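Please read the structure below before turning to the comments.
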Amino acid sequence: MRAETQQIVDDIEQALTLLRRHLDWDNARIRLAELNALVEDPKLWDDATQAQKIMRERQNLDDQITGIASLQTALADNVELIELGEADGDDDIVTDAEAAISELSSKVREQQIRAMLSGEVDGNDTYVEIHSGAGGTESQDWASMLLRMYTRWGGREGRKVEIIEEQDGEEAGIKSATILVKGADSYGWLKTESGVHRLVRISPFDSNARRHTSFASVWVYPVIDDSIEIDIPDSEVRIDTYRASGAGGQHVNTTDSAVRITHLPSGVVVQCQNDRSQHKNKATAWSMLRSRLYEEELKKREEAAMEEASSKSTVGWGHQIRSYVLQPYQLVKDLRTSMESTDPQKVLDGGIDPFLEASLAQRIEGGASADVDDIE
Numbered sequence: 004m005r006a007e008t009q010q011i012v013d014d015i016e017q018a019l020t021l022l023r024r025h026l027d028w029d030n031a032r033i034r035l036a037e038l039n040a041l042v043e044d045p046k047l048w049d050d051a052t053q054a055q056k057i058m059r060e061r062q063n064l065d066d067q068i069t070g071i072a073s074l075q076t077a078l079a080d081n082v083e084l085i086e087l088g089e090a091d092g093d094d095d096i097v098t099d100a101e102a103a104i105s106e107l108s109s110k111v112r113e114q115q116i117r118a119m120l121s122g123e124v125d126g127n128d129t130y131v132e133i134h135s136g137a138g139g140t141e142s143q144d145w146a147s148m149l150l151r152m153y154t155r156w157g158g159r160e161g162r163k164v165e166i167i168e169e170q171d172g173e174e175a176g177i178k179s180a181t182i183l184v185k186g187a188d189s190y191g192w193l194k195t196e197s198g199v200h201r202l203v204r205i206s207p208f209d210s211n212a213r214r215h216t217s218f219a220s221v222w223v224y225p226v227i228d229d230s231i232e233i234d235i236p237d238s239e240v241r242i243d244t245y246r247a248s249g250a251g252g253q254h255v256n257t258t259d260s261a262v263r264i265t266h267l268p269s270g271v272v273v274q275c276q277n278d279r280s281q282h283k284n285k286a287t288a289w290s291m292l293r294s295r296l297y298e299e300e301l302k303k304r305e306e307a308a309m310e311e312a313s314s315k316s317t318v319g320w321g322h323q324i325r326s327y328v329l330q331p332y333q334l335v336k337d338l339r340t341s342m343e344s345t346d347p348q349k350v351l352d353g354g355i356d357p358f359l360e361a362s363l364a365q366r367i368e369g370g371a372s373a374d375v376d377d378i379e
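Heads up: the sequence shown begins at 4 in our numbering, then just goes up one per residue.
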């Protein structure tokens with residue numbers, strides 16, 4: 004076998020090994036057998052909500068197991084054809100088999116992306132919360148640049164982006180903002196963006212044109228539906244209303260329509276001001292709080308799984324994940340994956356897909372996979 008073909012075969016085998024490990028192959032097959040038995044139970048649809056959940060889990064698991072198995076079979080068959088062709092001196096068979104193996108690389112990539120987005124709520128819409136760090140105008144301007152970056156990314160991907168809450172900075176930029184990104188797999192794609200983002204540049208607000216370093220934090224959490232039960236007693240929350248700021252009609256700016264909910268045990272705070280109706284803002288804020296608490300549980304379980312698997316890195320709140328350097332050189336570098344770009348403007352215009360794919364792929368390589376049931 005030619006060295007180039009052997010390298011492709013080795014890469015595919017390594018990718019399939021990682022996919023099997025990520026899926027927890029033996030336990031996944033046992034679970035699929037259990038789900039198949041449940042599907043055959045005539046009483047399954049007595050609870051339509053639970054039935055749909057089981058059907059989705061079964062289909063997702065079946066797709067992944069079948070996909071990996073078929074790729075393994077195809078690879079083995081074509082490697083055998085190459086060996087037979089070389090033994091018989093049949094160059095046509097060898098050429099066809101090598102071409103088939105090259106095509107398998109793209110199919111493996113598709114399977115990897117499917118595995119990356121196979122979490123319990125990866126297919127859901129998502130909230131993205133941005134907060135400026137210490138540093139006043141500098142960090143507030145940086146926060147507004149990140150808001151623009153994620154909004155642009157959503158537009159490039161054909162997703163709908165809504166501003167849920169936005170607090171303007173004193174001179175420029177924003178103190179904080181929350182957006183809702185709607186579209187298939189929005190949470191799955193953006194979930195690894197949570198953390199601290201660092202900007203280095205010549206400040207446009209410094210008359211001496213000195214270089215400044217600014218920080219802003221990003222928090223990503225999924226929109227969850229009513230089928231996921233999260234009990235939040237009224238005694239554990241504080242609800243405040245206040246006058247909305249920023250753009251809006253006369254009613255928005257002159258009444259206490261904005262709502263802030265604080266979850267006292269965890270300290271989680273959510274707020275919404277995008278509607279004129281206080282009742283609608285309150286309903287949205289409750290939904291955001293449930294989503295935040297659910298995401299907190301997801302993060303705890305994933306970190307526990309990553310620690311058990313001895314993963315080298317952890318993604319979480321308070322961790323610096325990426326640096327954006329505009330001066331003295333042009334570089335964006337992800338500190339978790341070492342993914343780099345020498346075109347910061349493209350990244351800030353929403354071109355973050357290479358960074359998203361690299362951080363998601365790292366989770367497969369690290370073997371991080373947490374099973375999440377309904378959280379009560």
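Idealized CB from N, CA, C, for every residue including glycine.
None of the values given here were measured: they were computed from a predicted structure.
What I want to know is whether the C-beta of residue i ends up closer than 7 Å to one or more non-hydrogen atoms of the ligand SAH.
| i | result |
| --- | --- |
| Asp99 | Looking for the ligand SAH in the displayed structure turns up nothing, as the structure carries no ligands at all. |
Does DSSP classify residue i as helix, strand or coil?
| i | result |
| --- | --- |
| Gln390 | Given that the chain is displayed from residue 4 to residue 379, the structure contains no residue 390 and the question cannot be resolved. |
| Gly198 | strand |
| Ala79 | helix |
| Asp243 | strand |
| Ala361 | helix |
| Ser316 | The pLDDT assigned to Ser316 is 34, lower than 50, so where the model puts this residue is not dependable; a value taken from the coordinates is nonetheless given after this. If DSSP states are grouped into helix, strand and coil, Ser316 belongs with coil. |
| Arg112 | helix |
| Leu183 | strand |
| Arg162 | coil |
| Arg325 | strand |
| Val375 | Per-residue confidence for Val375 stands at a pLDDT of 32, beneath the threshold of 50, marking its modelled position as unreliable; the derived number appears in the next sentence. It is coil, neither helix nor strand. |
| Ser147 | helix |
| Ser294 | helix |
May I ask you to list the residues that DSSP assigns as paired with residue i?
| i | result |
| --- | --- |
| Tyr224 | Tyr130 |
| His282 | Looking at the DSSP assignment, His282 forms no beta bridge with any residue, so it has no partner. |
| His381 | Here the chain comprises residues numbered 4 to 379, so residue 381 is not present and cannot be evaluated. |
| Glu343 | Lys336 |
| Val272 | Thr265 |
| Ile177 | Asp171 |
| Ser73 | Answer by DSSP bridge pairing: none, since Ser73 is not bridged. |
| Ser135 | Ala219 |
Closer than 7 Å by C-beta to residue i: which residues in its own chain qualify, once you throw out the five before and the five after it? Chain order, please.
| i | result |
| --- | --- |
| Ile11 | Ile104, Ser105, Ser108 |
| Met342 | Pro357, Phe358, Ala361 |
From residue i to residue j, what distance separates their C-alpha atoms?
| i | j | result |
| --- | --- | --- |
| Leu26 | Ala118 | 8 Å |
| Gln323 | Ala100 | 46 Å |
| Ser127 | Asn277 | One detail in the question is off: residue 127 reads as Asn in this sequence, not Ser. C-alpha separation (whole angstroms): 21 Å. |
| Glu226 | Asn211 | Per the sequence shown, the amino acid found at residue 226 is Val instead of Glu. Each residue's Cα considered, the two are about 45 Å apart. |
| Pro268 | Met148 | 32 Å |
| Val111 | Gly270 | 43 Å |
| Asp234 | Asp50 | 21 Å |
| Thr20 | Ser362 | 18 Å |
| Arg214 | Val223 | 29 Å |
| Leu329 | Ser238 | 48 Å |
| Val240 | Arg293 | 12 Å |
| Gly92 | Ala54 | 56 Å |
| Ala138 | Val350 | For the sequence presented, residue 138 should be read as Gly rather than Ala. Approximately 23 Å between the Cα atoms of the pair. |
| Thr52 | Met58 | 10 Å |
Could you give the C-beta distance for residue i and residue j, rounded to a whole number, given that I count them as a contact under 8 Å?
| i | j | result |
| --- | --- | --- |
| Gly157 | Ser220 | About 19 Å; that fails the 8 Å criterion. |
For residue i, which residues of its own chain have a beta-carbon under 6 Å away from its beta-carbon, when the five flanking residues on both sides are left out?
| i | result |
| --- | --- |
| Ile85 | Met4, Val97, Ala100 |
| Ser316 | Confidence in Ser316 is poor, its pLDDT being 34 and thus under 50, which makes the residue's placement too unreliable to answer from. |
| Tyr153 | Val131 |
| His134 | Ser179, Ser220 |
| Arg325 | His200, Asp337 |
| Trp48 | Ala54 |
Suppose the cutoff is 8 Å on Cβ atoms and the five residues either side in sequence are ignored; what does the same chain contact list for residue i look like?
| i | result |
| --- | --- |
| Gln75 | Leu19 |
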